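No gaps in the numbering here: position 419 of the sequence shown is 419 in our numbering, and each next residue is one more. Each residue gets a CB set at the ideal place from its N, CA and C atoms; glycine is no exception. Just so we're clear, the structure is a prediction, and the values are computed from it rather than from any experiment.
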Amino acid sequence: MQDSYIIVDIGTGNVRVAAAAQNGQVLGVAREDIVYVKDNDYPDALYFDPAQLWEQVQRLAKTVLATVPAASVKAVTATSQREGIVLIGKDGASLIGLPNIDHRGREWEGIMRDKSRVYQLTGRYPTSLFSAMKLVGIRERKPAVWEELHTFLSISNWIEYKMSGVAKYEHSQASETLLYDVAQKQWSKELCEVFGLSMDLLPAIAESATVLGDVLPDVAQSLGLNKDVKVVVGGGDTQLAIKSTRPAVDDMVIVSGTTTPIVKLTGTYKLDDEERTWTSRDIEPDRFVFEANAGVTGLNYQRLKEIFYPNEGYDVIEKELQENKHTFCMASLGSLLADEEVSLTRGGFIFPAPVSHLLTRGSFVWATIFDIACSIVKNYRILAEVDGHRPDYIWGCGGGLQSKVLRQLIANLTGKKVQMRHAFQQSSAIGGALICNQALQLNVTMNDSIEVVHPQEQEHYAALYAEWEKTRGYFRNMN
1 MQDSYIIVDI GTGNVRVAAA AQNGQVLGVA REDIVYVKDN DYPDALYFDP AQLWEQVQRL
61 AKTVLATVPA ASVKAVTATS QREGIVLIGK DGASLIGLPN IDHRGREWEG IMRDKSRVYQ
121 LTGRYPTSLF SAMKLVGIRE RKPAVWEELH TFLSISNWIE YKMSGVAKYE HSQASETLLY
181 DVAQKQWSKE LCEVFGLSMD LLPAIAESAT VLGDVLPDVA QSLGLNKDVK VVVGGGDTQL
241 AIKSTRPAVD DMVIVSGTTT PIVKLTGTYK LDDEERTWTS RDIEPDRFVF EANAGVTGLN
301 YQRLKEIFYP NEGYDVIEKE LQENKHTFCM ASLGSLLADE EVSLTRGGFI FPAPVSHLLT
361 RGSFVWATIF DIACSIVKNY RILAEVDGHR PDYIWGCGGG LQSKVLRQLI ANLTGKKVQM
421 RHAFQQSSAI GGALICNQAL QLNVTMNDSI EVVHPQEQEH YAALYAEWEK TRGYFRNMN
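Below, the structure is given as structure tokens:
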């Protein structure tokens with residue numbers, strides 16, 4: 001019986017629980033959609049019920065543990081969407097969950113009078129996406145909740161709190177709050193004053209890959225776990241995915257999921273003079289994540305599949321994409337570029353009129369994949385422009401890179417090799433296994449096989465990229 005870990009992963013769209021062996025082999029996965037509720041007290045606000053999410057986590061954990069011997073489990077850890085939080089009351093109860101897609105603080109963004117100063121301290125241009133503004137929204141319009149508030153946690157740290165009874169905030173997650181000085185690696189009194197928030201709200205900070213304590217007896221009994229199972233501090237979902245690639249400082253990593261962060265790992269705190277990028281703490285001590293994000297890339301692909309390939313698998317799509325030789329159809333579908341001040345709210349496809357007999361459903365999905373690739377590459381170029389990129393390769397991980405066509409397009413457009421480690425699709429689970437090994441001080445041999453995609457036809461794809469930029473410009477002018 002091989003020893004294993006349980007990794008809880010709370011994404012934007014779903015909650016997933018995985019079991020992984022110490023060598024990173026994924027032994028089982030169960031998932032459900034997260035239930036969000038529209039909050040009519042604000043123009044653009046969503047919340048979730050923490051009790052309901054905790055029930056889902058326990059149910060999914062039991063499903064996974066039905067296929068993995070509970071006695072083999074040595075530790076549990078968690079990762080989650082980075083800007084989501086759960087508010088904790090004075091009696092320790094979970095009051096309300098606010099996901100990353102909650103913008104209840106947007107009406108009060110004006111309280112940040114010097115946003116450039118906030119950028120200097122936090123490494124990100126401040127908006128209602130981040131946790132401090134969610135707290136401001138609660139304070140301004142939900143006084144009953146505010147009166148009861150004692151502290152708050154990232155969603156992954158809240159899962160660990162439910163498991164262990166210990167409330168601590170991990171550094172990579174704290175980077176997303178606008179209350180944390182990323183360079184100094186600590187909560188900031190100055191930033192708390194910007195938002196009118198007391199530092200008493202802020203919990204102690206913990207390093208990733210450290211042990212919070214043993215799993216609580218009632219949780220152990222409910223899940224059928226041994227009472228000495230350790231609860232390990234995890235981190236942001238992007239950071240755990242990055243860890244699965246085992247990169248070095250100066251490496252670039254593409255994390256392709258519902259959204260697609262493109263990151264460079266640095267040993268010093270980097271900022272962009274034009275304030276286009278994010279800089280966060282990594283889960284590795286003394287390492288930073290310098291980031292641009294291409295936005296809802298994977299979600300676009302998923303929705304186009306539902307329209308054009310509702311009854312076929314991704315293998316059918318890939319076959320048709322590889323056979324598609326007609327690249328006259330271009331798309332711009334709302335992905336994000338770090339150098340655009342306003343995200344695009346209109347998009348679509350452009351192709352020659354009248355409609356050609358060569359136009360197929362594959363043409364539209366190819367254009368979607370090409371839009372994703374170009375958006376990734378544009379953000380990659382912005383990071384490289386600010387801080388350079390010497391290696392001849394880029395690491396890739398995440399479910400979005402299951403598409404061989406996407407991997408090849410990224411290589412062709414960047415002129416860099418794209419490298420994926422074994423089981424790159426399960427990057428969060430593998431990252432979770434790695435930090436549990438670290439916390440338990442185990443030296444475990446991982447599968448080191450690497451798939452490499454080499455660039456091809458760079459001149460041809462440079463011309464197509466120029467066409468994509470024209471398409472992007474057309475839709476930008478419509479917004």
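Check your understanding: Out of curiosity, what's the CA-to-CA distance linking residue 440 and residue 166?
Key -> 18 Å
**Study point:** Any chain D beta carbon closer than 8 Å to residue 76
**Key:** In the structure shown, chain D cannot be found, because there is only a single protein chain.
**Study point:** Proximity of residue 347 and residue 363 at Cβ, strictly below 8 Å
**Key:** no
**Study point:** Classification of residue 478 by the beta-carbon crowding that lies within 10 angstroms, buried from 16 upward
**Key:** exposed
Practice item. Could you please give the first and the last residue of the uninterrupted alpha helix (DSSP H) stretch that includes residue 218? Key: 217-223
Exercise for review: Indicate the three-state DSSP secondary structure (helix, strand or coil) for residue 23 in the structure shown.
Suggested key: coil
**Study point:** CB-CB length for residue 18 against residue 2, believed under 8 Å
**Key:** Actually they are not in contact, since the Cβ atoms of residue 18 and residue 2 sit about 15 Å apart, beyond 8 Å.
Review point. Between the beta-carbon of residue 417 and the beta-carbon of residue 393, is there less than 8 Å?
Key: yes
**Study point:** Under 8 Å between C-beta atoms of residue 134 and residue 105
**Key:** yes
Review point. Does the stretch 66-84 come close enough to the stretch 223-232 that 3 or more CB-CB pairs lie under 8 Å?
Key: yes
Check your understanding: When you compare each of 374, 385, 388, 328 to residue 359 by their alpha carbons, which one comes out closest?
Key -> 328
Exercise for review: Would you kindly report the start and end of the unbroken beta strand (DSSP E) that includes residue 407?
Suggested key: It is not in any beta strand (DSSP E) - residue 407 instead sits in the alpha helix (DSSP H) that spans 404-414.
Review point. Residue 66 to residue 281, Cα distance in whole Å?
Key: 36 Å
**Study point:** Where residue 397 sits in the DSSP three-state scheme
**Key:** strand
Check your understanding: Quick one: Cα of residue 267 to Cα of residue 256, how far?
Key -> 23 Å
Exercise for review: Out of 469, 398, 212, point me to the one whose CA is closest to residue 163's CA.
Suggested key: 212
Review point. Residue 451 bridges to which residues according to DSSP?
Key: 420
Review point. By how many angstroms is the C-alpha of residue 136 removed from the C-alpha of residue 108?
Key: 7 Å
Exercise for review: Compare the Cα-Cα distances from residue 117 to each of 38, 191, 455, 369 and report the closest residue.
Suggested key: 191
Check your understanding: Would you say the stretch 79-91 touches the stretch 125-134, given that touching needs at least three Cβ pairs under 8 Å?
Key -> yes
Practice item. Compare the C-alpha of residue 308 against each of 455, 323, 365, 61 and name the closest. Key: 365
Check your understanding: DSSP state of residue 208, grouped into three classes?
Key -> coil
**Study point:** As assigned by DSSP and simplified to three states, the class of residue 350
**Key:** strand
Practice item. Out of 301, 56, 210, 58, point me to the one whose CA is closest to residue 405's CA. Key: 301
Review point. Does the Cβ-Cβ distance between residue 37 and residue 87 come in under 8 Å?
Key: no
Exercise for review: Using only alpha-carbon positions, find the residue among 121, 63, 44 that is nearest to residue 31.
Suggested key: 63
Point to revise | Coarse secondary structure for residue 357, derived from DSSP in three states | key: coil
Review point. By DSSP, does residue 293 sit in helix, in strand, or in coil?
Key: strand
Review point. Around the C-beta of residue 103, are 16 or more other C-beta atoms found within 10 angstroms, so that it is buried, or is it exposed?
Key: buried
Point to revise | Best match in 407, 429, 447 for proximity to residue 415 [C-alpha to C-alpha] | key: 407
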